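One structure is given here, and the rest of the page talks about it.
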Amino acid sequence: MMHARLHSPLELAGRRLRNRIGFAAMSSRFGEPYRVSDRMIAHLASRAAGGAALVLTEAMAAAPSAATPVRVSVFDEGAFAGLARLAEAVGRHGALAIGQLWHGGSAHHGPRGLDSVGASAVPDGMSWTVPRVLSHAEIEGLVGDYADSAARLRRAGFAGVEVSAAHGFLPLQFLSPVTNRRDDRWGGDAQGRSAFVRTILRAIRAACGPDFIIGLKMPAEDGVPGSIDAEEADRLVRAIVADAPPDWLCFSQGSHGWSLHWHAPDMHDPVVPYRHLWRRLRRAAGPVPIAAIGRIPDPAAAEAILAAGDAELVMLARPLLADPHWPEKSREGRAITPCIACNACWGEIHRGVPMGCSVNPHAGTPADGAPPTRAARSKRVVVVGAGMAGLQAAVGAAERGHAVTLFGTGLGGAAALHARLPGCADIAPAITHLADRAQAAEVALRIGTLASAADVLALAPDAVVLATGAEMALPAGLPPGTDLRSIVAALLADPTRRFRRALLLDLDATPGTYDAAELLAARSDHLLLVTPRETIARDSPLLVAQGIHRRLAALRVALRPFHEVARAGSGRALLRHVLTGAEEEVEADLLAVSAPRRPRDGLAETLRRAGLPVRVVGDALAPRLMLSAVREGQAAADAL
Ligand SMILES: Cc1cc2nc3c(=O)[nH]c(=O)nc-3n(C[C@H](O)[C@H](O)[C@H](O)COP(=O)(O)O)c2cc1C
Ligand code: SF4
Numbered sequence: 000m001m002h003a004r005l006h007s008p009l010e011l012a013g014r015r016l017r018n019r020i021g022f023a024a025m026s027s028r029f030g031e032p033y034r035v036s037d038r039m040i041a042h043l044a045s046r047a048a049g050g051a052a053l054v055l056t057e058a059m060a061a062a063p064s065a066a067t068p069v070r071v072s073v074f075d076e077g078a079f080a081g082l083a084r085l086a087e088a089v090g091r092h093g094a095l096a097i098g099q100l101w102h103g104g105s106a107h108h109g110p111r112g113l114d115s116v117g118a119s120a121v122p123d124g125m126s127w128t129v130p131r132v133l134s135h136a137e138i139e140g141l142v143g144d145y146a147d148s149a150a151r152l153r154r155a156g157f158a159g160v161e162v163s164a165a166h167g168f169l170p171l172q173f174l175s176p177v178t179n180r181r182d183d184r185w186g187g188d189a190q191g192r193s194a195f196v197r198t199i200l201r202a203i204r205a206a207c208g209p210d211f212i213i214g215l216k217m218p219a220e221d222g223v224p225g226s227i228d229a230e231e232a233d234r235l236v237r238a239i240v241a242d243a244p245p246d247w248l249c250f251s252q253g254s255h256g257w258s259l260h261w262h263a264p265d266m267h268d269p270v271v272p273y274r275h276l277w278r279r280l281r282r283a284a285g286p287v288p289i290a291a292i293g294r295i296p297d298p299a300a301a302e303a304i305l306a307a308g309d310a311e312l313v314m315l316a317r318p319l320l321a322d323p324h325w326p327e328k329s330r331e332g333r334a335i336t337p338c339i340a341c342n343a344c345w346g347e348i349h350r351g352v353p354m355g356c357s358v359n360p361h362a363g364t365p366a367d368g369a370p371p372t373r374a375a376r377s378k379r380v381v382v383v384g385a386g387m388a389g390l391q392a393a394v395g396a397a398e399r400g401h402a403v404t405l406f407g408t409g410l411g412g413a414a415a416l417h418a419r420l421p422g423c424a425d426i427a428p429a430i431t432h433l434a435d436r437a438q439a440a441e442v443a444l445r446i447g448t449l450a451s452a453a454d455v456l457a458l459a460p461d462a463v464v465l466a467t468g469a470e471m472a473l474p475a476g477l478p479p480g481t482d483l484r485s486i487v488a489a490l491l492a493d494p495t496r497r498f499r500r501a502l503l504l505d506l507d508a509t510p511g512t513y514d515a516a517e518l519l520a521a522r523s524d525h526l527l528l529v530t531p532r533e534t535i536a537r538d539s540p541l542l543v544a545q546g547i548h549r550r551l552a553a554l555r556v557a558l559r560p561f562h563e564v565a566r567a568g569s570g571r572a573l574l575r576h577v578l579t580g581a582e583e584e585v586e587a588d589l590l591a592v593s594a595p596r597r598p599r600d601g602l603a604e605t606l607r608r609a610g611l612p613v614r615v616v617g618d619a620l621a622p623r624l625m626l627s628a629v630r631e632g633q634a635a636a637d638a639l
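According to numbering that gives the first Met the number 0, the sequence shown is numbered sequentially starting from 0.
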């Protein structure tokens, strides 16, 4: 057995965990309005089947004033039957089901909330919602709702709950001195501000008994000036542990504002970034086990955290979305599909669609975590293009038993270039992982070759998957050779090239544009980033966008919204305001244009005319992100 500590049992509230791994709460949009769905059950059951000891549900509304259609109304008896099916499905695979109890209070990602309640009349850090202040009686009512919800979960077969007091939601609004200005017994010092959380924990214990697991998720630092830093967290934890000790403490950083991205550090952030906080709060936590969370990249890192005594338990959210079999594979030393920390999963749910994953194309489908289904008849399949879509198609088809030939100029395509940009190294292992699977599944690799129609026809395939990607198409009037991809390739090839005043025109707005901006900023004395839109990174998930803004600001990149480049040449560029038409000339010894991408699908027609069934996938179909490319590649394989 590998990673012995990770796979040693642990006892919490008298219940035995088969290992130290929990699937952390992930809101998914897999549910039905206010209710558990079959899709949600299958998603969580597959994390249990993959070997996790604890499977946490996503945040669920603990009280009527928290109700929203995208969260299960756990306060409502009408949700009981679905919850019971969920607990049974998780338990069937030897895992313990834990329900996360949530109340958003004044926190809204979108526009201001209209009916929000909160500790005090202080604006939410993102939507600026000023909540209606809760009365003493209402607070006591809420405590009762939390206890009733927990008791319902217990009756439904859950082994415990996790109270969400993180990410700026209502319990954190009580904990924080910024959002809690009360002078009654629910506010004041750490003792008073923790009263809401303490009373909830005590009420749940009273309602559910000593053998019901109660976890608490709260920040060790919330990143809001004047709010909770490690010192304040220390005081709060001591107050909580002395009065109503939970069965674990899970420290999740950030709050509902500019620090929101702290809770899900992305590929640009260091791995295991919060270890110092677990160490710092160890004494305050006393006998309460600490559940480590946040960008724990692999089993070795998890094992090291436990071995150092920094935590007793490891919670994994994105890694187990990327690969539900992470726990059992870590025990057996098998290769795990690595999460690339892109936060596209978060982007999907906040776009209002069910969660997906850039490296797990089956996430959220009945096939998630299941072994590949063998095809009834083995076909000869040619995949053209070895970027992420093509690689996934080739791997998926070969693992189903087809004889696959994969043509491509280089493994990973555009993703391989992206992986070489600052802060993007996590993309590389995802490419390597697919390449290894391709090799194991005996895909015939023809890498280095841009396949012609004749190459494909010579193999007389039964089916062709075209995954030839996209290219940047410069708008008319801009000098040739200024497309960002060519410029990035040239800069990576020559690390000595530098510029005085670089100008990047953003007409693409994908994360790769801003990663390239970091490279340009590092290679120039000054970078001006121009966009015709009102802001940059508008299409990126908020968590990703916050990081982009933070990094570009730190690099002193100047932003010029509402502008286009009217003309460029001889070291100068003419900028034009898109609303007023006002023009301004600027110096630019480098112009780079992140131009809109155009599908490179020229082969499709020729091959179809030759009578071959061709399926176009990924950017060759329509330029988007890796998540779509990988999903379509796999869908093409599943359809063969
Ligand atoms: C798509 C997505 C949904 C999440 N939903 C929740 C949630 O419902 N409740 C919660 O406490 N945390 C939620 N989180 C935060 C995770 O539980 C976890 O704290 C964070 O992702 C860091 O852990 P990881 O690096 O293992 O992903 C979510 C994170 C992501 C990416
Ligand atoms: S979408 Fe990205 S961050 Fe989310 S689990 Fe998948 S690889 Fe990880």
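Glycine included, C-beta positions come from ideal geometry on N, C-alpha and C. Only a predicted model underlies this, so the values are computations on that prediction, with no experimental measurement involved.
Any heavy atom of ligand 1 inside 7 angstroms of the beta-carbon of residue i?
{"i": "lysine 328", "result": "no"}
{"i": "serine 26", "result": "yes"}
{"i": "glycine 293", "result": "yes"}
{"i": "proline 298", "result": "no"}
{"i": "leucine 259", "result": "no"}
{"i": "isoleucine 339", "result": "no"}
{"i": "lysine 216", "result": "yes"}
{"i": "methionine 39", "result": "no"}
Would you say residue i and residue j are within 8 angstroms of each other, going by their C-beta atoms?
{"i": "serine 593", "j": "leucine 483", "result": "yes"}
{"i": "serine 105", "j": "proline 68", "result": "no"}
{"i": "cysteine 344", "j": "leucine 320", "result": "yes"}
{"i": "glycine 422", "j": "aspartate 514", "result": "yes"}
{"i": "leucine 445", "j": "aspartate 588", "result": "In the sequence on display, residue 445 carries arginine and not leucine. Contact flag unset, no."}
{"i": "leucine 626", "j": "serine 357", "result": "yes"}
{"i": "alanine 94", "j": "leucine 55", "result": "no"}
{"i": "alanine 290", "j": "alanine 263", "result": "no"}
{"i": "leucine 248", "j": "alanine 189", "result": "no"}
{"i": "leucine 100", "j": "alanine 118", "result": "no"}
{"i": "serine 126", "j": "valine 177", "result": "no"}
{"i": "arginine 399", "j": "leucine 458", "result": "no"}
{"i": "valine 313", "j": "arginine 294", "result": "no"}
{"i": "glycine 386", "j": "alanine 628", "result": "yes"}
{"i": "proline 595", "j": "leucine 504", "result": "no"}
Rank the options by C-alpha distance to the C-alpha of residue i and give the top, closest one.
{"i": "aspartate 246", "options": "Ala158, Ala321, Ala263 and His262", "result": "Ala158"}
{"i": "arginine 279", "options": "Leu11, Ala396 and Ala229", "result": "Ala229"}
{"i": "alanine 165", "options": "Ala58, Leu491 and Arg399", "result": "Ala58"}
{"i": "threonine 198", "options": "Asn179, Asp144 and Ser451", "result": "Asp144"}
{"i": "leucine 554", "options": "Arg17, Val358 and Leu526", "result": "Leu526"}
{"i": "leucine 305", "options": "Leu9, Gly409 and Gly225", "result": "Leu9"}
{"i": "serine 254", "options": "Ala369, Ala219 and Asp425", "result": "Ala219"}
{"i": "serine 175", "options": "Glu161, Ser163, Ala414 and Ser193", "result": "Ser193"}
{"i": "leucine 624", "options": "Ser148, Ala508 and Ala472", "result": "Ala508"}
{"i": "valine 381", "options": "Leu491, Ala452 and Arg184", "result": "Ala452"}
{"i": "alanine 24", "options": "Val287, Ile239 and Arg317", "result": "Arg317"}
{"i": "alanine 60", "options": "Ala80, Ser148, Glu139 and Ala120", "result": "Ser148"}
{"i": "alanine 241", "options": "Ala628, Arg38 and Arg282", "result": "Arg282"}
{"i": "threonine 364", "options": "Gly30, Ile430 and Asp123", "result": "Gly30"}
{"i": "glycine 222", "options": "Arg522, Ala205 and Trp261", "result": "Trp261"}
{"i": "phenylalanine 22", "options": "His401, Leu390 and Asp322", "result": "Asp322"}
Excluding the 5 residues flanking residue i on each side, which residues of the same chain have their C-beta closer than 7 angstroms to its C-beta?
{"i": "arginine 376", "result": "none"}
{"i": "alanine 619", "result": "Gly384, Leu465, Ala466, Thr467, Gly468, Ala469, Pro598, Arg599 and Asp600"}
{"i": "valine 89", "result": "Leu43, Ala44, Ala47, Val54 and Ala96"}
{"i": "valine 577", "result": "Pro531, Phe561, His562 and Glu563"}
Spatial neighbours of residue i within its chain, please: C-beta separation below 6 angstroms, excluding the five flanking residues on both sides.
{"i": "isoleucine 348", "result": "Ser26, Arg28 and Met354"}
{"i": "alanine 13", "result": "Inspection of the sequence shows that residue 13 is occupied by glycine rather than by alanine. Once the five neighbours on either side are set aside, the close Cβ partners of glycine 13 are Asp210."}
{"i": "alanine 434", "result": "Leu410"}
{"i": "aspartate 425", "result": "Met266, Ile339 and Ala340"}
Closer than 7 angstroms: is that where the CB of residue i sits relative to any heavy atom of ligand 2?
{"i": "serine 126", "result": "no"}
{"i": "asparagine 179", "result": "no"}
{"i": "serine 357", "result": "yes"}
{"i": "alanine 229", "result": "no"}
{"i": "leucine 55", "result": "no"}
{"i": "leucine 624", "result": "no"}
{"i": "cysteine 344", "result": "yes"}
Cutting at 8 angstroms between CB atoms, please list the residues of its own chain near residue i, excluding the five before and the five after it.
{"i": "arginine 559", "result": "Leu527, Leu528, Val529, Thr530 and Leu574"}
{"i": "arginine 571", "result": "Glu584, Val585, Glu586 and Ala587"}
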